[in-house]
Every structure is written in structure tokens, then in C-alpha cells.
Amino acid sequence: LLFLSEIGGKDRRSGLILTIPLCLEQTSMDELSVTLDYLLSIPSEKCKARGFTVIVDGRKSQWNVVKTVVLMLQNVVPAEVSLVCVVKPDEFWDKKVTHFCFWKEKDRLGFEVILVSANKLTRYIEPCQLTEDFGGTLTYDHMDWLNKRLVFEKFTKESTSLLDELALINNGSDKGTQQERERSIDLNFLPSVDPETVLQTGHELLSELQQRRFNGSDGGVSWSPMDDELLAQPQVMKLLDSLREQYTRYQEVCRQRSKRTQLEEIQQKVMQVVNWLEGPGSEQLRTQWGIGDSIRASQALQQKHEEIESQHSEWFAVYVELNQQIAALLNAGDEEDLVELKALQQQLSDVCYRQASQLEFRQNLLQAALEFHSVAQDLSQQLDGLLGMLCVDVAPADGASIQQTLKLLEEKLKSVDLGLQGLREKGQSLLDQISNQASWAYGKDVTIENKENVDHIQGVMEDMQLRKQRCEDMVDVRRLKMLQMVQLFKCEEDAAQAVEWLSELLDALLKTHIRLGDDAQETKVLLEKHRKFVDVAQSTYDYGRQLLQATVVLCQSLRCTSRSSGDTLPRLNRVWKQFTVTSEERVHRLETAVAFHSSAEKILQECPEQPAAFNEMEQFDEIEAVGKSLLDRLTVPVVYPDGSEQYFGSPSDMASAAEHIREKMKLVSLKKQQLRQPEATTPES
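full-length UniProt numbering applies: residue 1 is where the sequence shown begins, and numbers increase by one.
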């Protein structure tokens, strides 16, 4: 195993010290030569000018190997080597080495070669510049140095390659035309390694070198003046500075490219949105101009419009996203792109707002058409219901049901009026929207299509107006007929009421009009009251007759047969005849009672000193005859034309009235006897 160590120490001439440790195993001279070439390429020319001191550690090797290595130094680095110290083993090699004297070969070799023991090496090199293997105090970790060297070389290689790539990219971005810049950037846009990683590696390496220089003693590793030159700290700093400069330019190039790419993508998307909205989107709206002729047709058009809106919504979402991206770029404040961005934003906004206005106008128009057809359908159903009600013949049971039917009819007619008014309002609103529909709305002349829509709307309103007028005419006829029927029922009810009133008067006459009076005066008063009572009954009868005559006229006008007039008139006549017979009987009894009371009171009031007034006894007989006749009449019932009989009052009531008459008849009889007694005494005297 070949192991070479560049320790970083210096000899007394300030030359670099190169140590070549040899081992028992066979050493490859080719590998050793390559390694020496590499190690000698590391120091700067200034360091090389001071020469090298080479320590060949042959303590674990054979003499022929040491000899070969020394001779090889003549071919590899004769000019740079000033002294070669061959460290011999404690037990010296065979005496054959004496056959080759290095000091005699100094001129031929070009450098001095000495054989020295390890403990005598300090005669030529300060102990502080020697490692512990040679009795020195210099602390050296070859693996640490090797790792640092590998990191440095990797950084140097990557940074150099990266600098070339970045320079090519940055220089390409400075070319004349925009197309050339873009073509150059496209060819070498991405570096082969990550600049951030390379910069981080360089900074870590530089930090390690600086830490080793200023703080090495703390870590147990002494710093040697050779470190700066062997590890090339200035070169790392120079590479980092160059990398930062080129990377900053590269970032700006990338930013510009990203901005240009973003701008081109935005422009492309804007044109996609604009082209679709002005192309297929507008074409979809051009084919949708009708409003439908019914609710179902309008709903179908609305569903179709919702599908169109759904397709537009996807593009409007793209518009919102693009608008946000453009706003973000505008806020970035790049002067060179402001005009182009604002132009794109304005173009996109104009097209989207115009298309959105068309969609909203179409939606509002279809909604207004749906409301119009909905009101028209409701009105049509109301008219159908009203017409059906008018076509059914009225056969109410009484006046209340007619009134209720008439009220329902009026309510339906009022509802139809309100419905027609609402239809006119909806229709006028729809016509106003159609009249405001300009040619820009769909990108074509819509006069013909609008005329069809206008004709349809006006036709629906005119048809509803005609239907409503026909229904109004029929309602007028039906209203007149129903009012006549109400009047007919009212007349029939009032006529029946008149019969009831007359029956009540008859009943009152029979049950309460019983008294005949205690004297002539009271009887005359009762007679006068009875006449007035009869007048009321006569008026009731006449009122019933007039009502029944009116029902006949109304039935003739309505061409119907009254259900009650045929029954009410006989009842009215029958009750009236009974009342007439009863009234006549009552008058006859009262008149008889007046005659009886008047005659009796006259006789009873005559003075006894005037007997001449009573010479004729016939007056007493007449009074008695009238009284008996009246008493007899009180016991006789009233006989009606149909043969039925009815008594005045109860038997006790009649007995009371008869008792009063009998008492007065007794008074008259007593008076008669008193008058007869004087006549009997006169002949005797």
C-alpha cells in the first residue's frame, strides 16, 4: 500500500517538506510517480521556488525500493527537490548499499541525498516541523487533510464548471434580440449542479479553513503557515466571489425568464378565454333567443341556459385566476410590462363583463317569461273555473245559498281582475326587457326574433282579455238571474211569513179577544179595537197577496216554477177566510153586546118616578130576548167554510162572559118587577 503524506511543515530554508513513507509491501513506481506529480501541483510557484525537502521513510522498506524512489525523484522533480533525507532503519541495510553513494551522485541527481536515523533528523529540520513519527512535535492528521483536499478539489471542479455554465447562460441573456436571448437561455437554462449546494459547500470549506487557522489550537491541531498555500484558501474565496456574482446574475436571468414565461402563459390563457367567449360562448347565446310559449317551454329554456352558464362559469373561474395573477404582476411594479399587462387585463375584463351581462340579461329575460307564463296559466285556470261555474245551472235551496254563490262568483271575478292586471304588468315588464335587447346582446340583429316574442306576449294578453270579457258578460247575466232568484225566495219567505202572521192574528183573535165589555162604552171600545185589529189582518193579507203575485212574475221571468207559491196562496186564502168568519162572528157578538148593554143601561138608569116611560113592557122583553140571544151565541162555535169549528177562548172564559150578561139580565128583570108592583097597587086603591 502506497501512502504519501504532505505534512505542511518547512525546513530551515523555508522549503516545503514532503514525506514518502515506504512499507514492506511492493510499491508501484507508476502510482508513486502520479501521486508525486499531483502533490507537487498543489503548492504555488512561489512555494516551489523555495524548493522541497523530501523525507523518504525507509524504515519499513527494502534498500532497493528506497534506491528506486530516490532515482525516481530525479525524473519527477529534480528542479524542485533540494534535499532528500532517507530515514534508515535501526538495523542498517546490507553492506551492499555502500556500493551506491548518494553524495557522490549529487551532481547527476541534481539534489543532495543523506542517510539519517529518525532521531538524527532534527539536525536538518526543526522538531516543530516534524511529526511524532520522526521525533517532532507537529500534529498532523493525514486523513483530515485528505478529506479537506477532496472537498476542495470537488468544490473547485464543480464551481469552475458551474462558473462556465452560468457565464454561458448569463452572456447568452445579454444578446441582441429577444428571440436570440430566449433561444440561448433555452439551450443552457438549467446548470448541471445546484448553485446553492455548491455555494454552501464552498462556505463550509472556507469556514473550516478559517476556523483551523484562527482556532486550531483549541481543537488540538496546530496551524502551519503552509495551510493557506496547500489548501488554497484564497482560491476558495475567489471562487466563491465569482460564483456569487454569476449566481446573482443567473437569478436575475431566471427571474426575467420566469416573468416572461409567466407573462406568455397569462397572455396565452387570456386569449383562450377571449377566443372561447367570443367564439363558442357567443355562438351558444346567438342560438338562444326564444322565451317559450308555456311554463314547461320556459323551464326547458332555463335549463338549457343553466348548462350554458355552467360552461361559462369554468371560463369565468379562469378569468378570476388570471385577473389575480395580473394584479400581482402589476403590484410588482415592473415598468416594462405595465402597459402590456394593463392591456391584457382590460381586454379580458371587457370580454368577460360583456359576456356576463349577456348571460344575466338572458337569465332575467327567461325568468320574466317564466313568471309571465305562470301568471297566464293561473289566470287561465281561474277563467276556466269561473266559466265552469257559470255553465252550471243554478239550483239553490234557499236565498242564503244564492247569496253565498253570488258572493263566491264576485270573488272569483275579482280574482280574475287581479290576475289579468298582474298578467298585464308582467307582460309589460317582459316587453320592456325585450325592447331593451340591443343587437350587441347576441351579436346579431334580433328584430325578427323579438317580433315573434312580442306577438306571442301580446296575443296571450289579448286572449285573456277576451276570455275575461266573455266571463264578465256571463257573470252579469248570472248576477241578474241570481238577484231575481234571491228576490223570489225573499217574496216566498215573506209570503209564508204573512201567512204565519195572519195565523197568529187568527189565533190571538180566538184566544185573547174574548171579553164583551161590562157596559156599552167598554164594548164600543172593544169594537173599535177589533176593527183596527181587522185592518192589520187585512194589510197582512194584502201584503201576502202582493208577494205571491210578485213570485208569479219572477217565476215567469226566470222560467221556473215556484216551489212554494202553489202551496202558500191556498194557505193564505184559507187562513184569511177563517179570520174573516171569526172576525165577523166577533163583530156580531160585540154589536149584540153593545145593543144589549145600551138597552139595559137605559132602562136601569130611568128614574122610578117616571113610570110612564115604561108603560110598554115590550122593551123589557126585547132586552131579555137580546140577552138570551147573546148567551146562546157564546155557546155556539165558529164554523169555517171547510166545516171545521173553533171556539172563542176556553169554556171558563165564555162562562165568565156569560155570567156577566146574566147578572145584568137579572138587574133588568128586577127592574121590571119593581115597575110592575106599582101597577098592581093602583087598581086596589
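Ideal Cβ positions, reconstructed from N, Cα and C, are used throughout, including at glycine.
Q. Looking at the structure shown, is E112 part of a helix, part of a strand, or coil, going by DSSP?
A. E112 sits in a strand when the DSSP states are folded into three classes.
(Q) As an exercise, report each continuous alpha helix (DSSP H) stretch of at least 4 residues that is fully enclosed by the stretch 297 to 369, in chain order. (A) List check, alpha helix (DSSP H) in window: nothing returned.
Q) What whole-angstrom Cβ distance do S435 and L370 have, given they're in contact under 8 Å? A) Rounded, the Cβ-Cβ distance is 19 Å, inconsistent with contact.
Q: On a CA-only basis, which of T512, Q268 and M665 is nearest S629? Give me that one, please.
A: Among T512, Q268 and M665, the Cα nearest to that of S629 is on M665.
(Q) Taking 7 Å as the limit between beta carbons, can you name the residues of its chain near H312, skipping five residues before and five after? (A) So the list reads G281, Q355 and L359, once near-sequence residues are dropped.
**Q.** Where M485 falls, given that 16 or more other Cβ within 10 Å makes a residue buried
**A.** Its Cβ being crowded by 16 or more others within 10 Å, M485 is buried.
Q.
Quick check on S599: buried or exposed, where buried means 16 or more other Cβ atoms within 10 Å of its Cβ?
A. Its Cβ being crowded by 16 or more others within 10 Å, S599 is buried.
Q | For P570, three-class secondary structure by DSSP | A | Here P570 sits in helix by DSSP.
Q.
From the DSSP secondary-structure annotation, give me the bridge partner or partners of L473.
A. Residue identity differs from the one stated: residue 473 is Asp in this sequence, not Leu. Partner(s): none; D473 has no beta bridge.
Q: Could you tell me which residues DSSP pairs with V56 in its beta bridges?
A: Paired residues: I20 and V86.
Q | Strand pairing of Q646, partner residues [DSSP] | A | When beta bridges are read from the DSSP output, Q646 appears opposite V638.
Q | Burial state of residue 700 (16 or more Cβ within 10 Å) | A | Only positions 1 to 685 of the chain appear in the structure, and residue 700 is not among them; the question remains open.
(Q) Please report the distance separating the alpha-carbon of T580 from that of L506. (A) One C-alpha to the other measures close to 9 Å.
Q.
For D30, tell me which candidate among Q521, T635, T68 and V54 has the shortest Cα-Cα distance.
A. The option with the nearest alpha carbon to D30 is T68.
**Q.** Limits of the unbroken alpha helix (DSSP H) element including L138
**A.** No residue range can be given for L138, since it is assigned to no alpha helix (DSSP H) and is classified by DSSP as neither H nor E.
(Q) Considering only the alpha carbon of each residue, which of I55, L39 and R545 lies closest to K48? (A) If we check each option's Cα against that of K48, L39 comes out closest.
Q.
Please return the same chain residues whose Cβ sits closer than 8 Å to the Cβ of H203, not counting the five positions on each side in sequence.
A. Excluding sequence neighbours, H203 sits near L240.
Q | Exposure label - S61; buried when at least 16 CB within 10 Å | A | A buried status is given to S61, since no fewer than 16 other beta-carbon atoms sit within 10 Å of its beta-carbon.
Q | Residue interval of the alpha helix (DSSP H) (run including Q74) | A | For Q74, the enclosing alpha helix (DSSP H) stretches over residues W63 to V76.
Q.
Just list the residues that DSSP pairs T131 with in beta bridges.
A. In the DSSP output, where bridge partners are listed per residue, T131 has L138.
Q. With 16 as the cutoff for other CB atoms within 10 Å, does Y353 come out buried or exposed?
A. Per the 10 Å Cβ criterion, exposed.
(Q) Tell me the DSSP secondary structure of V553 in three-state form. (A) In the structure shown, V553 adopts helical secondary structure according to DSSP, grouped into three states.
Q.
Can you list, in chain order, the residues of its chain with a C-beta nearer than 7 Å to that of N119? Leave out the 5 residues immediately preceding and following it.
A. Answer for N119: G135, listed in chain order.
(Q) Can you tell me where the alpha helix (DSSP H) holding Y124 begins and where it ends? (A) Annotation: Y124 is outside any alpha helix (DSSP H) and is labelled neither H nor E by DSSP.
Q: Mark A625 as exposed unless 16 or more other C-beta atoms lie within 10 angstroms of its C-beta, in which case mark it buried.
A: So A625 counts as exposed.
Q.
Using a 10 Å radius around the Cβ and a threshold of 16 neighbouring Cβ atoms, would you call D11 buried or exposed?
A. With 16 or more other CB atoms across the displayed protein chains lying within 10 angstroms of its CB, D11 is buried.
Q: Return yes when at least one heavy atom of the ligand NAP lies under 6 Å from the C-beta of V69, else no.
A: In the structure on display, the ligand NAP does not appear, and there are no ligands present to speak of.
Q | Spatial distance of A317 from Q363 (CA atoms) | A | For A317 and Q363, the gap between their C-alpha atoms comes out near 19 Å.
Q.
Whether or not the stretch 466 to 479 and the stretch 511 to 527 are in contact is what I'm after, with contact meaning three or more pairs of Cβ atoms, one per stretch, closer than 8 Å; do they touch?
A. By the Cβ test, the stretch 511 to 527 is not in contact with the stretch 466 to 479, since fewer than three Cβ pairs between them sit closer than 8 Å.
(Q) Between the alpha carbons of Y543 and L466, how many angstroms are there, rounded? (A) Y543 and L466: Cα-Cα distance of roughly 46 Å.
(Q) Less than 6 Å between C-beta atoms, sequence neighbours within five positions excluded: which residues of the same chain meet that for D494? (A) Excluding the 5 residues flanking it on each side, D494 has same chain C-beta neighbours closer than 6 Å at L547, in chain order.
Q) Does the Cβ-Cβ distance between F596 and K672 come in under 7 Å? A) Taking 7 Å as the Cβ cut-off, F596 and K672 do not qualify as a contacting pair.
Q) Which term fits C85, buried or exposed, when burial requires 16 or more other beta carbons within 10 angstroms of its beta carbon? A) Buried, by the Cβ-count rule.
Q.
Applying the 10 Å Cβ sphere with the 16-neighbour rule, what's the burial state of T540?
A. Looking at its Cβ environment, which holds 16 or more other Cβ atoms inside 10 Å, T540 is buried.
Q: Using three-state DSSP, classify V392 as helix, strand or coil.
A: The three-state secondary structure of V392, taken from DSSP, is coil.
Q) Where does S28 land, buried or exposed, given buried means 16+ other C-beta within 10 angstroms? A) Exposed.
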